[in-house]
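Which chain is which? The protein sequence lines are B and C, in order. Using the working numbering, you'd call the opening residue of the first sequence number 3 and step up by one each time. Using the working numbering, you'd call the opening residue of the second sequence number 3 and step up by one each time. One structure is given below, encoded as structure tokens.
There are 2 protein chains.
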Amino acid sequence: MMRTRPLKVALLGCGVVGSEVARIMTTHADDLTARIGAPVELAGVAVRRPDRVREGIDPALVTTDATALVKRGDIDVVVEVIGGIEPARTLITTAFEHGASVVSANKALLAQDGAALHAAAEEHDKDLYYEAAVAGAIPLIRPLRESLAGDKINRVMGIVNGTTNFILDKMDSTGAGYQEALDEATALGYAEADPTADVEGFDAAAKAAILAGISFHTRVRLDDVYREGMTEVTAADFASAKEMGCTIKLLAICERAADGASVTARVHPAMIPLNHPLASVRGAYNAVFVESDAAGQLMFYGPGAGGSPTASAVLGDLVAVCRNRIGGATGPGESAYAALPVSPMGDVVTRYHISLDVADKPGVLAQVATVFAEHGVSIDTVRQSGKDGEASLVVVTHRASDAALTGTVEALRKLDTVRGVASIMRVEGE
Amino acid sequence: MMRTRPLKVALLGCGVVGSEVARIMTTHADDLTARIGAPVELAGVAVRRPDRVREGIDPALVTTDATALVKRGDIDVVVEVIGGIEPARTLITTAFEHGASVVSANKALLAQDGAALHAAAEEHDKDLYYEAAVAGAIPLIRPLRESLAGDKINRVMGIVNGTTNFILDKMDSTGAGYQEALDEATALGYAEADPTADVEGFDAAAKAAILAGISFHTRVRLDDVYREGMTEVTAADFASAKEMGCTIKLLAICERAADGASVTARVHPAMIPLNHPLASVRGAYNAVFVESDAAGQLMFYGPGAGGSPTASAVLGDLVAVCRNRIGGATGPGESAYAALPVSPMGDVVTRYHISLDVADKPGVLAQVATVFAEHGVSIDTVRQSGKDGEASLVVVTHRASDAALTGTVEALRKLDTVRGVASIMRVEGE
């Protein structure tokens with residue numbers, strides 16, 4: 003079934019990703035036509051700076067009036083690669099109102115307002131696809147939403163931010179400190195001038211919200227995601243991790259509680275064993291580890307950012323949305339029927355690695371161990387080392403709730419013999 | 003949009019996979035209803051031995067007349083998990099004729115007759131889905147066919163047979179020989195009593211044909227796939243691989259030629275570097291490494307077989323097909339528009355590791371090197387070791403065509419000074 007009227011695509015944003023999308027639409031035009039069943043045509047490109055030279059894009063298509071573009075009425079698919087909340091949000095809802103489906107790479111917007119955007123898409127019987135919003139080129143939304151649609155996902159644990167993985171990998175392999183590794187990441191273009199969104203975990207938290215929502219058929223908003231950055235990870239933490247046979251990664255973890263009645267989503271640095279598949283994810287690569295009832299353990303690995311990889315994901319969605327449009331159908335929309343409560347961080351159960359600076363005198367270990375016991379946190383191993391009146395104590399716990407661990411640490415800080423809590427690190431993937 | 007009439011599913015086959023499909027349809031009924039938008043109901047189960055007790059399956063649903071079941075006319079989806087060519091093929095085409103869509107896990111049938119089955123599905127405007135046919139639970143067909151639909155796939159290289167990966171992993175980690183490792187795989191249930199389909203690469207070749215067809219939008223039949231089993235891999239080969247910083251895996255490799263004008267598909271054991279992501283795939287796990295123009299390098303990892311994982315893939319397809327049916331649409335069908343020629347093995351270009359037993363006397367290396375040069379095969383490294391008049395020569399080549407390498411080896415065998423060709427192994431993933 004080949005029809006001749008081309009599908010019209012409006013591109014919002016023509017930066018690193020947008021220009022790649024436009025380029026591939028031109029160079030792979032014949033393939034796209036064959037795969038969709040009709041030609042796709044770039045009908046307009048909304049940009050902020052129209053004077054910038056854009057190789058391969060007809061200047062007549064370029065406009066600064068994005069609103070007018072999405073309101074044209076003849077647009078089949080709007081591709082939104084502007085990022086940020088506004089004007090992206092208004093443009094997307096306006097696009098639905100004027101008859102277009104939408105492909106977006108906007109993780110921040112999807113994490114914050116996914117439910118409202120899905121509702122707008124559904125109201126107008128249009129598609130909203132966003133494979134590129136999580137982990138760049140790695141097919142993840144579609145596998146979770148479709149391939150595993152007959153399964154029960156219990157846990158999604160991933161490295162979903164390439165910048166922080168590059169920094170942590172560098173610290174691990176060279177023994178560098180955080181600042182030194184960040185400087186190198188910046189120099190190589192892996193970190194932005196203001197790296198806050200990456201290193202403080204905001205970017206990963208947005209992705210965690212999206213992944214949790216899809217995996218558990220439950221609305222999970224950015225505010226529901228516990229977030230801890232990785233700026234305080236030290237070379238000493240990596241040394242401790244090595245002694246444990248571990249490395250440190252910034253992980254996004256979405257979990258169904260053991261009783262199945264609630265879910266959690268969180269982002270924080272954690273130790274993971276070197277033999278875990280995520281431990282060997284190097285450089286700026288991303289990978290997501292999925293555990294489900296029937297499928298067992300799956301992992302998806304690939305480049306998590308960059309113009310070309312993100313464009314690949316956008317174009318995959320574009321083909322799907324165009325096919326749906328020709329077939330008069332829409333793909334799967336939001337699935338939030340389970341509506342499970344999202345539990346706070348205190349309810350999360352995991353293991354902990356705690357380094358304490360303590361006085362080097364008899365009875366300290368007994369005091370510390372008593373505090374753990376009083377808070378119901380069971381100790382797995384303790385390692386004590388000391389000299390010159392100073393000593394350090396490394397405690398690794400069995401599984402305990404985050405609330406119990408927090409209470410333990412507060413009580414430890416009050417002990418005269420505890421001079422300081424050098425670090426607390428969660429231990430995952432065991 | 004929730005409708006009340008349930009979708010009716012006919013299950014053909016109730017072995018390890020089929021019984022898991024039936025079980026999950028019961029235990030996850032509410033989730034499936036919510037995700038599909040209508041209930042799904044098991045309407046019939048065709049088996050060969052009706053007297054066998056099948057826990058949780060209403061005996062009234064069980065029949066030995068599979069043909070009558072698919073001809074009933076009220077069946078929405080036929081799930082075929084019988085395997086083999088007949089009667090599966092006839093049952094599937096009969097199902098299409100009588101109004102049902104089909105979900106199949108049948109790699110042998112898809113590899114042999116995929117084009118005809120797709121044509122039958124299209125003729126009757128029905129879906130044919132088969133995620134479970136390749137690499138069990140790992141989402142692969144959908145990512146290749148849909149997520150990467152806007153990209154250009156150049157190479158798919160995978161470990162797609164768990165039995166042989168278990169055996170090779172065992173040989174690698176323990177130094178065991180092939181027979182010993184096979185015996186252990188058999189004892190643990192990883193290998194069948196007759197392991198031919200696995201160890202001779204027939205199973206992997208069927209999957210390679212399916213993967214190549216989807217990746218290159220070209221019909222690739224089982225007969226087009228070069229196939230070499232792994233029964234002749236020895237402990238000595240693993241020792242050689244280790245010296246190269248490699249391990250040995252049975253790989254399915256689908257490649258687009260450098261000029262883009264043809265494709266190849268092949269299955270054979272090969273050395274791969276230890277730092278390649280496929281090298282660390284242990285036990286019976288599967289993984290597929292994909293290289294494309296825009297996305298770059300992706301990897302998909304998970305359990306490649308087993309009742310539950312395969313059922314997960316079947317049920318994902320079942321949900322998709324049911325949704326399509328409710329929406330009055332069909333998913334993507336066969337895409338073979340590129341119709342690229344499939345080149346023979348002789349055209350494949352790769353590197354080779356060759357072990358020769360040679361006479362330990364001056365001039366042998368010069369003779370051997372001359373033969374390589376005469377056939378246009380460039381040598382990367384040579385390692386010579388000898389004692390007591392016997393010597394061995396290990397040659398690692400640069401990239402050369404399989405035809406040139408075959409010619410080289412034939413000429414080497416004719417040299418008086420070459421007592422034997424101990425092994426020839428391709429080197430991939432560099």
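Cβ atoms here follow ideal geometry from the backbone N, Cα and C, with glycine treated the same way.
Helix, strand or coil, according to DSSP, for C248/C in the structure here?
strand
Note down the Cα distance separating T419/C from A361/C, rounded to an integer number of angstroms.
5 Å
Among A210/C, L44/C, L112/C and A195/C, which one has its Cα closest to the Cα of R268/C?
With distances taken between CA atoms, R268/C lies nearest to A210/C out of A210/C, L44/C, L112/C and A195/C.
So the beta strand (DSSP E) T92/B belongs to, where does it begin and stop?
First-last for T92/B: A90 to E99, but that is the alpha helix (DSSP H), not the beta strand (DSSP E).
Which residues in the same chain have their Cβ closer than 6 Å to the Cβ of A371/C, if we skip the five residues on either side of it in sequence?
none
Please confirm whether A406/B and V379/B have their CB atoms less than 7 Å apart.
yes
In chain order, what residues of the same chain lie with their CB nearer than 6 Å to the CB of G231/B, ignoring the 5 residues before and after it?
Leaving aside the five residues that flank G231/B on each side, the residues in its chain whose CB is nearer than 6 Å to its CB run, in chain order, V201, E202 and G203.
So, does the CB of S149/C fall closer than 7 Å to a CB anywhere in chain E?
Absent here is chain E; the protein component of the structure consists of chains B and C.
Looking only at DSSP bridge pairs, what is R51/C linked to?
Beta-bridge annotation (DSSP): R51/C is not paired with any residue.
Are the beta-carbon atoms of G431/C and P305/C separated by less than 7 Å?
No, Cβ-Cβ distance for G431/C and P305/C is not below 7 Å.
Please tell me whether S21/C has its Cβ less than 7 Å away from any Cβ of chain B.
no
Could you give the residue range of the alpha helix (DSSP H) that holds P364/B?
Element bounds for P364/B: n/a, residue is neither H nor E.
Counting only Cβ-Cβ distances shorter than 8 Å, please list the residues of the region 251-276 of chain C near chain B, keeping chain order.
Taking 8 Å as the cut-off between beta carbons, none of the residues of the region 251-276 of chain C comes near chain B.
Starting from E124/B, trace the alpha helix (DSSP H) both ways and give me its first and last residue.
K109 to E125
Between which residues of its own chain and G15/B is the CB-CB distance below 6 Å, once the five residues before and five after are set aside?
V83 and I84
8 Å CB neighbourhood of V411/C in its chain, flanking five on each side removed:
I356, V423 and I426
So, with DSSP's three-state summary, where would you put N167/B?
The answer is helix: DSSP assigns N167/B an H, G or I state.
Taking three-plus beta-carbon pairs below 8 Å as touching, is the region 315-323 of chain C in contact with the region 93-110 of chain C?
yes
Please look up how many angstroms separate the CB atoms of R37/B and S337/C, rounded, as I've assumed it's under 8 Å.
6 Å
So which of G309/B, T66/B and A122/B has the shortest CA-CA distance to R91/B?
A122/B
Comparing the C-beta of L9/B with each C-beta of chain C, is any distance below 7 Å?
no
Grouping DSSP H, G and I as helix and E and B as strand, with all else coil, what is T399/C?
strand
Can you pull the chain B neighbours of E133/C, defined as C-beta to C-beta under 8 Å?
S149
E22/B beta carbon less than 7 Å from that of S310/B
yes
Beta carbon of I250/C, beta carbon of V227/C: below 7 Å?
no
Cβ of D261/C within 7 Å of Cβ of V350/C?
no
Exposed or buried, H400/B, counting other C-beta atoms within 10 Å across all chains shown (16 or more means buried)?
Counting Cβ neighbours within 10 Å, H400/B comes out exposed, since fewer than 16 surround it.
Between S310/B and chain C, is there a C-beta pair that is closer than 7 Å?
yes
Quick check: the Cα distance between K154/C and R258/C, rounded to an integer number of angstroms?
10 Å
Inter-residue spacing [alpha-carbon to alpha-carbon] between D171/C and A281/C:
10 Å
Quick one: what does DSSP say C324/C is sitting in, helix, strand or coil?
helix
Distance cutoff 7 Å, beta carbons only. Does D239/B sit that close to anything in chain C?
It does not: the Cβ of D239/B has no partner Cβ on chain C nearer than 7 Å.
Using a Cβ-Cβ cut-off of less than 8 Å, give me the residues of the region 30-45 of chain B that come near chain C, in sequence order.
H30, D33, L34, A36 and R37
If we define contact as Cβ-Cβ less than 7 Å, is V222/C a contact residue for chain B?
It does not; no Cβ of chain B falls within 7 Å.
N-terminal and C-terminal residue of the beta strand (DSSP E) that M301/B is part of
G298 to P305
Using DSSP's beta-bridge definition, name the partner residues of E293/B.
R157/B and Q299/B.
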